[in-house]
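Chains as they are written, first to last, in the working numbering: chain A, 235 to 514; chain B, 609 to 835.
Cβ atoms here follow ideal geometry from the backbone N, Cα and C, with glycine treated the same way.
Quantities reported herein were computed from a predicted structural model and do not represent experimental measurements.
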Amino acid sequence: MLLKSTHNEFIKIAAKPRSYLGLAAITVLVGVILFALKADGLSFISFVTASFEQTLSFEGNILNGNLVAFIILQMLIIHVPLLVALVTGDLVSGEAASGTIRMLATKPISRTQLLLSKFIAGGAYTFLIVLWLGFLAVIVGKFLFGNGDLMVLNSDGLVIHPQQDVGWRYLYGFAVAFLALLTVSSLSICLSCFSSNSIGPIVTTMAIIILFTIIGTLDVQVFDNIKPYLFTTHMASWRSFFEEPVPKSDILKSVFILIAHNILLLFISLYQFNKKDITS
Amino acid sequence: MKFKLKFLFFFLFSINAFSQNATDMIAQLQLKMNSIKDYSVAATIKSDIPLIKIFPVRATIYFKQKDKFRIVSKGIAILPKQGFMDISQLLSQNDSYSAIASGSELITGTQTQIITILPNSDTTDLILAKLWMDTANITIHKSQITTRSSGTVTIDYTYKTQLSYGLPDTMIFTVDVKKFKIPKGVATDINRSSTKENNPPAKTGKIYIQLSNYSINKGIDDAVFKK
């Protein structure tokens, strides 16, 4: 029954025009970035390498597909949560607003299974978004700009990874990015359980992300104790795979916190949905 | 008065003799450099530069008289902006500098003559160059170039297989890294601050280049130098 319900949820997501909005937005945004980098990418890179190039010269193809993919991910991964919340934030509250949730509740499926199917469908949609972003950034990026070593700038300086050492970093990086976006999906579904209109959970999800991000960036001592537990602090953990050496313990900690958030949000959602009054 | 005149005469004579000696040595070095019409060589480049982490890179270096030079590498290679062509280019312009012999020094068991090169114009990028020359083999064992744009670059050379041509087997570049800065706002790792904040920043970095499989005066197509 769970599988059938999940299948129904997939159909519902596929039938909504806003589900394609995210994919279309990513396509347009990546297209614009690819065009800009193709047209004037070298000046963008020279902005990063300017202070080094007074003394050193960089030989080889710096503006390659791997760097382009990294730039795209860095730019877009902040905005993708909105595209995810746009669909997942509506999964429960949309049904409550339109009244279809009552009909759903009459089916021989428990509320727990019904909500789980929505979580699975939301997760699958998030995976599709990440997959599409990865395809456009890495595959199309490499097709247009060729392969090459990846030059990454982080807070400790420049790291240059050989091209044969980059593939697995993207793979694991995307996996952690998916986990971060899955947390956004879980949060918006959770908020959706408390609401009876579509817009509320989407806006609240974004407001929480913005608030937590601001708290995370504020260098104020009073927030130091809560910062490590905010999921937004760990949303950029995918970048850690591009450090040398890879900070495994930091990544594991981030993965653990993101999974803990997902489990917590799932249980809050189940509790709320099971006691939700859908008759009035 | 007589003593003072004698001293002045001796001083001027000495300077002229030192200058003559240095000019002769540079002329011999230029002769040796000019005997190389072209060469290609395989290079392994290893960098130890603060704020930059890079694995060793293999590349091929091409040179053709008079000033064609290109490094071809599959991956990204970091090289000093100065050092490869600067000395030969500088020495080829005889009237643009003054060379003065300024002592001798023992470098890894080889007696070298120090030659200081001063540009005749005060508007050039070059401020000062120093060459440690092995007078027996007419090779440069160490060079130090100070420019306005790149600071000071020191290069240590060792010779083995191509001593007769004066082409080195290893080159160790020591470069100034004091001006290196990470642009803020580009390193968008917002949740992580630098882990090296408490360490004093290093002032120099080193680039080690190992050269092997020289192919000298075999002819290189000009197309190789087009990027």
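Alpha-carbon spacing of residue i relative to residue j, whole angstroms
i         : j         : result
Asn728(B) : Pro396(A) : 45 Å
Asn295(A) : Phe361(A) : 32 Å
Leu316(A) : Ile763(B) : 54 Å
Lys804(B) : Ile815(B) : Caution applies to Lys804(B), whose pLDDT of 48 falls short of 50 and renders its modelled position unreliable; the model cannot decide the point.
Asn821(B) : Asn745(B) : 21 Å
Met641(B) : Gln719(B) : 21 Å
Ile260(A) : Leu320(A) : 13 Å
His241(A) : Ala355(A) : 8 Å
Ala625(B) : Ala737(B) : The pLDDT assigned to Ala625(B) is 45, lower than 50, so where the model puts this residue is not dependable, and the model offers no usable value.
Asp484(A) : Gly265(A) : 33 Å
Thr438(A) : Ser422(A) : 8 Å
Leu775(B) : Gln690(B) : 17 Å
Asp830(B) : Ala667(B) : 18 Å
Ser239(A) : Ser351(A) : 6 Å
Lys461(A) : His495(A) : 14 Å
Thr796(B) : Asp511(A) : Annotation note: pLDDT 49 at Thr796(B) (below 50); position unreliable, no value reported.
Ser655(B) : Gly813(B) : 8 Å
Phe617(B) : Ser710(B) : Caution is warranted here: a pLDDT of 48 is assigned to Phe617(B), below 50, making its placement in the model unreliable, and the coordinate value is therefore given only provisionally. Looking at the two C-alpha atoms, the distance is approximately 19 Å.
Tyr773(B) : Ile644(B) : 7 Å
Ile798(B) : Phe476(A) : Reliability of the predicted coordinates at Ile798(B) is poor, the pLDDT of 46 falling under 50, and the value obtained from them is presented with this limitation in mind. The straight-line gap from Cα to Cα measures roughly 15 Å.
Ser802(B) : Val326(A) : Residue confidence is low: Ser802(B) scores 48 on pLDDT, short of 50, so the model does not pin down where it sits. No coordinate-derived value is stated.
Ser420(A) : Leu405(A) : 22 Å
Thr732(B) : Met779(B) : 26 Å
Ile623(B) : Thr747(B) : Residue confidence is low: Ile623(B) scores 45 on pLDDT, short of 50, so the model does not pin down where it sits. Its coordinate-derived value is still stated next. Roughly 23 Å between the two C-alpha positions.
Gly391(A) : Ser285(A) : 12 Å
The alpha helix (DSSP H) enclosing residue i, as first and last residue numbers
i         : result
Gly434(A) : Ile433 to Thr451
Pro251(A) : Pro251 to Thr283
Leu425(A) : Gly401 to Phe428
Ala339(A) : Thr334 to Ala339
Asn300(A) : Gly299 to Leu310
Val318(A) : Val314 to Thr322
Asp484(A) : Lys482 to Asn508
Ser704(B) : Here Ser704(B) belongs to no alpha helix (DSSP H), and DSSP marks it neither H nor E.
Lys376(A) : Gly375 to Phe379
Tyr359(A) : Arg345 to Gly368
Gln673(B) : Per DSSP, Gln673(B) belongs to no alpha helix (DSSP H) and is neither H nor E.
Ser700(B) : Asp694 to Ser700
Start and end residues, beta strand (DSSP E) containing residue i
i         : result
Arg678(B) : Lys676 to Ser681
Gly391(A) : Gly391 to His395
Ile660(B) : Ile660 to Ile662
Trp740(B) : Leu734 to Asp742
Tyr647(B) : Asp646 to Asp656
Leu687(B) : Ala685 to Pro688
Ser471(A) : Looking at the DSSP string, Ser471(A) is not in any beta strand (DSSP E), and its letter there is neither H nor E.
Gly759(B) : Gly759 to Thr766
Met750(B) : In the sequence as displayed, the identity of residue 750(B) is Lys instead of Met. It spans Thr747 to Thr755 - the beta strand (DSSP E) in which Lys750(B) sits, taken as one unbroken run.
Beta-carbon gap between residue i and residue j smaller than 8 Å
i         : j         : result
Val761(B) : Val785(B) : no
Ala630(B) : Ile653(B) : no
Gly191(A) : Val302(A) : Absent from the structure is residue 191(A), since the part of chain A shown begins at 235 and ends at 514.
Met469(A) : Ala409(A) : no
Thr466(A) : Thr447(A) : yes
Ser426(A) : Gly323(A) : yes
Ser712(B) : Ile723(B) : no
Ile662(B) : Val649(B) : no
Leu236(A) : Gln398(A) : no
Leu349(A) : Phe507(A) : yes
Ser429(A) : Tyr359(A) : no
Asn298(A) : Phe377(A) : no
Val364(A) : Phe412(A) : yes
Leu687(B) : Glu478(A) : no
Leu384(A) : Val400(A) : yes
Anticipated Cβ contact below 8 Å, residue i with residue j, distance rounded
i         : j         : result
Thr755(B) : Leu734(B) : 5 Å
Phe833(B) : Arg678(B) : 5 Å
Ile634(B) : Ala707(B) : 5 Å
Leu714(B) : Tyr705(B) : Actually they are not in contact, since the Cβ atoms of Leu714(B) and Tyr705(B) sit about 26 Å apart, beyond 8 Å.
Ser503(A) : Ser488(A) : About 22 Å; that fails the 8 Å criterion.
Tyr647(B) : Ile817(B) : That pair is no contact at about 14 Å.
Ile695(B) : Ser751(B) : 6 Å
Ala314(A) : Leu367(A) : In the sequence as displayed, the identity of residue 314(A) is Val instead of Ala. 7 Å between Cβ atoms; contact.
Glu287(A) : Ser280(A) : 7 Å
Bridge partners - residue i, DSSP secondary structure assignment
i         : result
Asn515(A) : Absent from the model: residue 515(A). The displayed extent of chain A is 235 to 514, so no value can be given.
Lys814(B) : Asp656(B) and Thr782(B)
Gln719(B) : Leu714(B)
Gln398(A) : DSSP lists no partner for Gln398(A).
Glu329(A) : BP columns for Glu329(A) are empty, so no partner.
Ala667(B) : Ala651(B) and Ser681(B)
Ser820(B) : Ala650(B)
Ser291(A) : Leu687(B)
Distance cut-off 7 Å: residue i Cβ against heavy atoms of the ligand GTP
i         : result
Gln721(B) : Inclusion of the ligand GTP in the displayed structure is not the case, the ligand content being empty and no account of it being possible.
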